[in-house]
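>
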Amino acid sequence: MNWLKPIVLIFFLSFAISCIKSQKEKPNILFIFADDLTYQGVHALGNEEIITPNLDKLVHSGVTFTHTYNMGAWHGAVCVASRAMLNTGRYVWHIKDVADNGYPGFKEKRMFWSQMMEHAGYDTYITGKWHVNYPADSIFQTVLHIRPGMPPTVKEAYNRPQSGKDSVWLPWDVKNGGYWQGDKHWSEVAGDDAITFLDQAKNSKNPFFMYIAFNAPHDPRQSPKEYVEMYPLQNISVPKSFMEMYPYKDSIGCGPDLRDERLAPFPRTEYAVKVHRQEYYAIITHLDQQIGRIINHLKETGQDKNTYILFSADHGLAVGNHGFIGKQNMYDHSMRVPCILVGPNIPENEKCNMQVYLQDLMATSLDIAKIEKPEYVEFNSLLPLITKESKESPYSEIYGTYMNLQRMVRTDEYKLIVYPEAHVIRLYNVKKDPFEMTDLAQNPDYTKIIKNLTRKLEAQQKTMNDPLNLTPYFPNLF
Numbered sequence: 001m002n003w004l005k006p007i008v009l010i011f012f013l014s015f016a017i018s019c020i021k022s023q024k025e026k027p028n029i030l031f032i033f034a035d036d037l038t039y040q041g042v043h044a045l046g047n048e049e050i051i052t053p054n055l056d057k058l059v060h061s062g063v064t065f066t067h068t069y070n071m072g073a074w075h076g077a078v079c080v081a082s083r084a085m086l087n088t089g090r091y092v093w094h095i096k097d098v099a100d101n102g103y104p105g106f107k108e109k110r111m112f113w114s115q116m117m118e119h120a121g122y123d124t125y126i127t128g129k130w131h132v133n134y135p136a137d138s139i140f141q142t143v144l145h146i147r148p149g150m151p152p153t154v155k156e157a158y159n160r161p162q163s164g165k166d167s168v169w170l171p172w173d174v175k176n177g178g179y180w181q182g183d184k185h186w187s188e189v190a191g192d193d194a195i196t197f198l199d200q201a202k203n204s205k206n207p208f209f210m211y212i213a214f215n216a217p218h219d220p221r222q223s224p225k226e227y228v229e230m231y232p233l234q235n236i237s238v239p240k241s242f243m244e245m246y247p248y249k250d251s252i253g254c255g256p257d258l259r260d261e262r263l264a265p266f267p268r269t270e271y272a273v274k275v276h277r278q279e280y281y282a283i284i285t286h287l288d289q290q291i292g293r294i295i296n297h298l299k300e301t302g303q304d305k306n307t308y309i310l311f312s313a314d315h316g317l318a319v320g321n322h323g324f325i326g327k328q329n330m331y332d333h334s335m336r337v338p339c340i341l342v343g344p345n346i347p348e349n350e351k352c353n354m355q356v357y358l359q360d361l362m363a364t365s366l367d368i369a370k371i372e373k374p375e376y377v378e379f380n381s382l383l384p385l386i387t388k389e390s391k392e393s394p395y396s397e398i399y400g401t402y403m404n405l406q407r408m409v410r411t412d413e414y415k416l417i418v419y420p421e422a423h424v425i426r427l428y429n430v431k432k433d434p435f436e437m438t439d440l441a442q443n444p445d446y447t448k449i450i451k452n453l454t455r456k457l458e459a460q461q462k463t464m465n466d467p468l469n470l471t472p473y474f475p476n477l478f
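In the numbering used here, the protein residues as written are 1 to 478.
(1) Would you kindly work out how many angstroms separate the C-alpha atoms of Pro171 and Lys391, rounded to a whole number?
(2) Taking the alpha carbon of Ser237 as the point to measure from, which residue in Ser396, Met245, Tyr271 and Thr401 has its own alpha carbon closest?
(3) So, Gly302 versus Ile212, is the Cβ gap smaller than 8 Å?
(4) With distances taken between CB atoms, is the gap from Ser312 to Thr68 smaller than 8 Å?
(5) Less than 8 Å between the CB atoms is what I'm expecting for Leu371 and Ala81, so what's the real figure, rounded?
(6) Tell me the start and end of each unbroken beta strand (DSSP E) in the segment 388-433 that is at least 3 residues and wholly inside, in chain order.
(7) Where do the N-terminal and C-terminal ends of the alpha helix (DSSP H) with Met210 fall, by residue?
(8) Can you tell me whether DSSP reads Leu457 as helix, strand or coil?
(9) How big is the Cα-Cα spacing for Gln23 and Asn70?
(10) With contact counted as at least three CB pairs below 8 Å, one residue from each stretch, are the segment 426-436 and the segment 104-112 in contact?
(11) Less than 8 Å between the beta carbons of Glu279 and Val228, yes or no?
(12) How would you call Tyr308, buried or exposed, if buried means at least 16 neighbouring beta carbons within 10 angstroms?
(13) In chain order, what residues of the same chain have a beta carbon less than 6 Å from the beta carbon of Arg293, not counting five sequence neighbours either side?
(14) What is the DSSP secondary structure of Lys184, reduced to helix, strand or coil?
(15) Considering only residues of the segment 316-387, which uninterrupted alpha helix (DSSP H) runs meet the minimum length of 4 residues and lie entirely inside it, listed in chain order?
(16) Report the three-state DSSP secondary structure of His145 (helix, strand or coil).
(17) Can you tell me whether Val168 is buried or exposed? The criterion is at least 16 other CB atoms within 10 Å of its CB, across all chains shown.
(18) State the start and end residues of the unbroken alpha helix (DSSP H) segment that holds Asn296.
(19) Would Leu477 and Thr447 be called neighbours here (beta carbons separated by less than 8 Å)?
(20) By how many angstroms is the C-alpha of Leu383 removed from the C-alpha of Leu13?
(21) Do the segment 83-102 and the segment 333-352 touch if we need at least three Cβ pairs shorter than 8 Å?
(22) Between Asn54 and the rest of its own chain, which residues show a CB-CB distance below 6 Å, the 5 nearest in sequence each way excluded?
(23) Going along the chain, which residues of its own chain have a beta-carbon closer than 8 Å to the beta-carbon of Phe214, five neighbours each way excluded?
(24) By the DSSP assignment, the beta strand (DSSP E) with Leu30 in it spans what residues?
(25) When the Cβ atoms of the segment 140-157 are set against those of the segment 241-253, are three or more pairs found closer than 8 Å?
(26) By Cβ distance below 7 Å, which residues in the same chain neighbour Arg277 in space, the five residues on each side in sequence not counted?
(27) Beta-carbon within less than 6 Å of Phe140's beta-carbon, same chain only, minus the 5 sequence neighbours each way: which residues are those?
(28) Residues in its own chain within less than 6 Å of His297 by CB, not counting five upstream and five downstream?
(29) Quick one: what does DSSP say Asp123 is sitting in, helix, strand or coil?
(30) In terms of DSSP beta bridges, what is Phe311 paired with?
(31) Out of Pro475, Ala441, Tyr402 and Ile449, state which residue places its alpha-carbon closest to the alpha-carbon of Pro467.
(32) If you follow the alpha helix (DSSP H) that His60 is in, where does it begin and where does it stop?
(33) In whole angstroms, what is the alpha-carbon distance linking Asp137 and Val418?
(34) Count the other C-beta atoms from every protein chain shown that fall within 10 angstroms of the C-beta of Gln461, then say buried if there are 16 or more, exposed otherwise.
(35) Exposed or buried, what is Asp445 when buried is set at 16 or more other beta-carbons lying within 10 Å of its beta-carbon?
(36) Within the continuous alpha helix (DSSP H) that includes Asp445, where are the two ends?
Here's what the structure looks like:
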C-alpha cells in the first residue's frame with residue numbers, strides 16, 4: 001500500500017493549493033472615507049470651481065450614486081453617529097445606546113464590519129480617523145495612526161475672517177499644529193499608510209479589506225500654501241443659497257453655541273464665506289492628491305484588477321449655504337455625500353440617481369465578498385442597483401434626524417423639514433429647486449403634499465424607534 005502515499009500527498013497538496021488560490025481570488029475591498037465632504041465638493045459631480053482630478057477619474061471609472069445621504073445624529077458630532085451606523089449596519093436610533101455604552105458584546109459576537117471581513121478570510125487594515133467608541137486595534141489586524149475626531153485647533157481659527165486684512169490664522173502655518181502635528185500633514189500620513197498596507201497585502205495569501213479614513217476636509221482646514229493659492233478669492237463664488245443669518249438657527253441648535261458655526265462671524269459675510277470655501281477647496285484638492293497616490297500604487301502593484309474601490313464621506317458640510325458653516329442641518333449640502341464604486345464588473349461612468357444611504361456601502365462590501373448579510377444589518381447592498389437586478393431603491397424615502405431639534409423626510413420630488421422647538425415646517429420641491437431656496441410650506445396648494453409627507457415621516461419614525469413625539473408640537477399635522 002506504500003504506492004498510495006504519494007497519491008494521497010499529491011491530493012492534499014492540490015487541495016491546499018486550490019484553497020489558497022480560491023481565497024486569494026476573493027476580491028479586495030479598498031474603502032476610502034473622507035470627513036465633511038459634501039457632494040458639491042467634487043468637480044465631476046457639478047462643481048466647476050473645485051479641482052479634484054483623481055476623484056473625477058473615479059467618477060468616470062465606476063458608478064456614482066448621486067443622492068446618497070447620512071441619516072443624521074444624536075449630538076453635534078455628526079461623524080460619531082455616521083461611523084457607528086457604518087461599522088455596525090444599524091439605523092441611527094437603533095445604535096445610539098449601544099454606541100454610547102461601548103458596544104457591549106459586539107466584539108465577542110464579531111458584529112463589527114472589520115470582524116465580518118476577517119472572519120471571511122480577509123486581512124484587515126485601518127489608518128486615520130476612527131471615532132468609534134471601541135478600540136480599533138482590537139477589531140482590525142493592522143492599525144496605524146488612529147486619529148481623533150478632528151485635529152487639535154486653536155482659538156484663532158474661530159470667528160474669522162473679520163476683514164480683508166485678517167491674517168491671524170493661515171492654513172499653511174505649521175505653528176498652528178492641527179493637521180501639521182507630527183511634522184507631516186495627516187492626509188499625507190494616511191496616504192503613506194495606505195501604500196504601506198498595499199505593499200504588505202501583495203505578499204499575503206489573503207484578500208484585503210482596507211479602511212482608509214481621512215480627517216480631511218474637516219476643520220481646521222489646513223493645507224500647503226500652494227493648494228490655497230490654487231483658489232484666488234476672486235474666483236470663488238458665494239453659494240446661491242447664501243444668507244447672513246438662518247432665521248431658526250438658535251431653535252434648531254445651530255447658533256453661536258455650536259462649535260462648527262463659531263468658525264465664521266455672525267452675521268455671515270460674503271467675504272468670510274469665500275475665505276472658508278477657499279480653504280475648504282484647498283484641503284479637498286490636497287486630499288484628492290493623496291487619493292491619487294493610493295490608487296496609482298494599487299495599479300503599480302497590479303492589485304487593481306481584483307480590487308473594488310468604495311469612496312464616500314461621513315456627511316456633507318454647508319460652508320456658507322443657508323447661513324450655516326457646519327453639518328448639523330437637514331439641507332442636502334450637509335446630509336448628502338459623494339458615493340462612488342469602482343471595480344471588476346462595475347460599469348464605467350454611470351450615475352444612479354436613486355436615493356440611498358452611505359452606510360449601504362458596508363452591506364455592499366459584504367455582498368461583493370459573498371458574505372451573507374447578518375439579520376442585524378439594516379442597510380442594503382447597492383449591487384442589485386448597479387447590476388439592474390433591482391430598479392428601485394430599497395428606501396421609499398430618506399429619513400433625517402438631528403437630536404430632538406430637527407427631522408426630515410425626503411422623496412425624489414419633495415423634502416419636508418420639521419423644527420419642533422421653533423414650531424416650524426419647511427417644504428421644498430427638490431426636483432425643481434435643488435438648492436432648496438423656495439419654502440413652499442405656507443402655500444395652501446401644497447397642503448395635501450405636506451400631509452402625505454408627515455405620514456411618511458411618522459412611518460419612518462416608527463421604523464427607526466425615533467424617541468421624538470412630534471404631535472405636541474404640531475397637533476394639526478401629526
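Built from N, CA and C at the ideal position, the CB exists for glycine as well.
With the given structure in hand:
(1) Looking up residue 171 in the sequence shown gives position 171. Looking up residue 391 in the sequence shown gives position 391. Spanning the two alpha carbons is a distance of roughly 45 Å.
(2) Mapped onto the sequence shown, residue 237 falls at position 237. Cα-wise, what sits closest to Ser237 is Tyr271.
(3) Residue mapping note: residue 302 aligns to position 302 of the sequence shown, counting from 1. Residue mapping note: residue 212 aligns to position 212 of the sequence shown, counting from 1. The answer is no: Cβ separation not under 8 Å.
(4) Counting from one through the sequence shown, the residue named residue 312 turns up at place 312. Counting from one through the sequence shown, the residue named residue 68 turns up at place 68. Cβ atoms of Ser312 and Thr68: closer than 8 Å.
(5) The sequence position of residue 371 within the sequence shown is 371, counting from 1. The sequence position of residue 81 within the sequence shown is 81, counting from 1. What sits at residue 371 in the sequence shown is Ile, not Leu. The Cβ separation is near 24 Å, so there is no contact.
(6) 398-402, 406-410, 414-419 and 424-429
(7) Here the question's residue 210 lines up with position 210 in the sequence shown. Met210 -> not in any alpha helix (DSSP H); beta strand (DSSP E) instead, spanning Phe208 to Ala213.
(8) To locate residue 457, count along the sequence shown from 1; it is residue 457. Residue state, collapsed to three classes: helix.
(9) Position 23 of the sequence shown, counted from the start, is the residue given in the question as residue 23. Position 70 of the sequence shown, counted from the start, is the residue given in the question as residue 70. Residue placement at Gln23 is flagged as unreliable, the pLDDT there being 49, under the threshold of 50; the coordinate-derived value follows with that caveat. Distance between the alpha carbons of Gln23 and Asn70: 33 Å.
(10) In the pairwise beta carbon analysis, the segment 426-436 is classified as not touching the segment 104-112: fewer than three pairs are separated by under 8 Å.
(11) As a first step, residue 279 must be located in the sequence shown, where it is residue number 279. As a first step, residue 228 must be located in the sequence shown, where it is residue number 228. Yes, these two residues count as a Cβ contact at 8 Å.
(12) Mapped onto the sequence shown, residue 308 falls at position 308. It is buried - the Cβ of Tyr308 has at least 16 other Cβ atoms within 10 Å.
(13) As a first step, residue 293 must be located in the sequence shown, where it is residue number 293. Same-chain partners within the cutoff: Gly191.
(14) As a working note, residue 184 is residue 184 in the sequence shown. Of the three classes helix, strand and coil, the one that applies to Lys184 here is coil, per DSSP.
(15) Counting whole runs of 4 or more residues, the segment 316-387 contains the alpha helix (DSSP H) stretches 332-335, 360-368 and 383-386.
(16) Taking the sequence shown and counting its residues from 1, the one referred to as residue 145 is at position 145. Correct three-state label for His145: strand.
(17) By 1-based counting over the sequence shown, the position of residue 168 is 168. Exposed, because fewer than 16 other Cβ atoms sit within 10 Å of the Cβ of Val168.
(18) As a working mapping, residue 296 is identified with position 296 in the sequence shown. Counting along the chain, the alpha helix (DSSP H) containing Asn296 begins and ends at Glu270 to Glu300.
(19) By one-based count along the sequence shown, residue 477 stands at place 477. By one-based count along the sequence shown, residue 447 stands at place 447. Result no, Cβ atoms of Leu477 and Thr447 do not sit closer than 8 Å.
(20) The sequence position of residue 13 within the sequence shown is 13, counting from 1. The sequence position of residue 383 within the sequence shown is 383, counting from 1. Confidence in Leu13 is poor, its pLDDT being 40 and thus under 50, which makes the residue's placement unreliable; the coordinate value appears in the next sentence. Cα to Cα, Leu13 sits roughly 36 Å from Leu383.
(21) no
(22) Stepping through the sequence shown from its first residue, residue 54 is reached at position 54. For Asn54, where only same-chain residues beyond five positions count, the Cβ hits under 6 Å are Asp288, Ile291 and Gly292.
(23) In the sequence shown, counting from the first residue as 1, residue 214 sits at position 214. For Phe214, where only same-chain residues beyond five positions count, the Cβ hits under 8 Å are Ile32, Phe33, Ala34, Asp35, Gly128, Lys129, Trp186, Ser187, Ala190, Leu287 and Gln290.
(24) If you number the sequence shown from 1, residue 30 lands on position 30. Here the beta strand (DSSP E) through Leu30 covers Asn28 to Ala34.
(25) No: fewer than three Cβ pairs fall under 8 Å.
(26) The sequence position of residue 277 within the sequence shown is 277, counting from 1. Answer for Arg277: Ile236, Val319 and Gly320, listed in chain order.
(27) Here residue 140 corresponds to residue number 140 of the sequence shown, with the count starting at 1. Closer than 6 Å at Cβ, skipping near neighbours: Ser114, Thr124 and Ile126.
(28) Here residue 297 refers to the residue found at position 297 when the sequence shown is read from its first residue. Cβ neighbours of His297 beyond the five flanking positions: Ile195 and Leu198.
(29) Here residue 123 refers to the residue found at position 123 when the sequence shown is read from its first residue. DSSP places Asp123 in strand when its eight states are reduced to three.
(30) In the sequence shown, the residue the question calls residue 311 occupies position 311. Paired residue(s): Ile32 and Ile340.
(31) Locating residue 467 in the sequence shown gives position 467, counting from the first residue. It is Tyr402 whose Cα lies nearest to the Cα of Pro467.
(32) Within the sequence shown, numbered from 1, the residue matching residue 60 stands at position 60. Run containing His60: Pro53 to Ser61, per the alpha helix (DSSP H) assignment.
(33) The count along the sequence shown starts at 1 and reaches residue 137 at position 137. The count along the sequence shown starts at 1 and reaches residue 418 at position 418. Distance between the alpha carbons of Asp137 and Val418 is about 40 Å.
(34) Indexing the sequence shown from 1 puts residue 461 at position 461. Flag for Gln461 reads buried.
(35) In the sequence shown, residue 445 corresponds to position 445, counting from 1. Exposed, since its Cβ has fewer than 16 Cβ neighbours within 10 Å.
(36) The residue labelled residue 445 in the question sits at position 445 within the sequence shown. No alpha helix (DSSP H) contains Asp445, which DSSP labels as neither H nor E.
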